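*Asks:* Going line by line, the protein sequences match chains A and B. When we follow this note's numbering, the leftmost residue of the first sequence carries the number -3, and every step to the right adds one. When we follow this note's numbering, the leftmost residue of the second sequence carries the number -3, and every step to the right adds one. Note that beta-carbon positions come from the ideal geometry of N, C-alpha and C, so glycine has one too. From a predicted model like this one, the values you see are computed outputs, not experimental measurements. Below you will find the structure I want to go over with you.
Number of protein chains: 2
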Amino acid sequence: MNPLDARRDIISAIGQETRIAILEFLRDGERCVCEIFPAIGHEQSNVSRHLNLMLAAGILSRRKEGLKIYYGVRYPEVLELLDLAGVIARNNGR
Amino acid sequence: MNPLDARRDIISAIGQETRIAILEFLRDGERCVCEIFPAIGHEQSNVSRHLNLMLAAGILSRRKEGLKIYYGVRYPEVLELLDLAGVIARNNGR
DNA sequence: TGACTATGTGATCATATGCGCATACAGTTC
DNA sequence: GAACTGTATGCGCATATGATCACATAGTCA
């Protein structure tokens, strides 16, 4: 994969409404799926897919603990990227 | 539009291969469409659409000069976001 | 083992996206 | 005005994406 593709994969893994909601919810630390999906108000199966997509993109970590599986943001840069997008949006007058 | 939507619009306007190529080409300053599309090797019509999409998202500037229309990156944060994605990709081992 | 809980996945559907072709439109020059 | 150059847009197509439903799987514990 050329570096161009790699960046696209990262950016498009972040730039989706449901996934932004998940990332924001994970800002304070890792959470299990059972906490995430009620918090953002989406179906468990849907959230599971988004989590696995971000995991595959390499921006989430995953840890099993008994029945539960905890996902977390793997790099602070992911949240920084999100914040940077907020800055740009604000420059645009929202 | 809620702030979540605004960020998604910014991020998804950046996270596409053709548009990343355009943004990289515009890194050194504004260029007209007639320079951009041969440089990145895409159809003029296709490039025009991508430029207008990014313009609508607020991340590009547009300036007319005679027949030519010059597009430029409106905020340095856009290129910073791209660089940040590069950092994450590199953390992932590309 | 069997009931229960947490998570993942196959099938399907509706919509969004990216592209190319042809053509329309706008501005310049003669 | 006509010819020309540069840019935008309508249309159609192929594929990607996000969502839901139903069901499968995996781990726990009586």
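Can you name the residues of chain A whose CB is closer than 9 Å to the CB of I18(B)?
*Replies:* Along the second sequence, one-based indexing puts residue 18(B) at 22. Near I18(B) there are no residues of chain A at all, since even the closest Cβ is about 11 Å away, more than 9 Å.
*Asks:* List the endpoints of the continuous alpha helix (DSSP H) containing E61(B).
*Replies:* Here residue 61(B) is taken as the residue at index 65 of the second sequence, counted from 1. First-last for E61(B): L56 to E61, but that is the beta strand (DSSP E), not the alpha helix (DSSP H).
*Asks:* Alpha carbon to alpha carbon, how far is M(-3)(B) from M50(A)?
*Replies:* Position 1 of the second sequence holds residue -3(B). Position 54 of the first sequence holds residue 50(A). With a pLDDT of only 40 at M(-3)(B), under 50, the local geometry of the prediction cannot be trusted, and no value is derived from it.
*Asks:* Is the beta carbon of I84(A) sitting closer than 9 Å to the one on I55(B)?
*Replies:* For the purposes of this step, residue 84(A) is identified with residue 88 of the first sequence, where counting begins at 1. For the purposes of this step, residue 55(B) is identified with residue 59 of the second sequence, where counting begins at 1. Yes, they are a contact pair.
*Asks:* Assuming R27(B) and Y71(B) make a contact with CB atoms under 8 Å, what is their CB distance in whole Å?
*Replies:* Residue mapping note: residue 27(B) aligns to position 31 of the second sequence, counting from 1. Residue mapping note: residue 71(B) aligns to position 75 of the second sequence, counting from 1. With a Cβ gap of about 17 Å, R27(B) and Y71(B) do not count as contacting.
*Asks:* Note down, in chain order, every chain A residue with its Cβ under 7 Å from the Cβ of L49(B).
*Replies:* Counting from one through the second sequence, the residue named residue 49(B) turns up at place 53. Under the 7 Å cutoff, chain A gives no residues; its nearest Cβ is about 13 Å from L49(B).
*Asks:* For the alpha helix (DSSP H) holding G68(A), just list the boundary residues, first then last.
*Replies:* Within the first sequence, the letter at position 72 stands for residue 68(A). Premise fails: G68(A) lies in the beta strand (DSSP E), K64 to V69, not in any alpha helix (DSSP H).
*Asks:* Using the beta-carbon count (16 or more within 10 Å), is G11(A) buried or exposed?
*Replies:* Looking up residue 11(A) in the first sequence gives position 15. When all chains shown are included, G11(A) counts as buried.
*Asks:* Helix, strand or coil: which one does DSSP assign to R27(A)?
*Replies:* Taking the first residue of the first sequence as position 1, residue 27(A) is located at position 31. R27(A) falls in the strand class under three-state DSSP.
*Asks:* Return no unless some Cβ of chain B is closer than 9 Å to the Cβ of D24(A).
*Replies:* Working through the first sequence from its first residue, we reach residue 24(A) at position 28. It does not: the Cβ of D24(A) has no partner Cβ on chain B nearer than 9 Å.
*Asks:* If you drop the 5 nearest sequence neighbours on each side, which residues of the same chain put their C-beta closer than 8 Å to that of G82(B)?
*Replies:* Your numbering for residue 82(B) matches position 86 in the second sequence. Cβ within range, chain order: n/a, list empty.
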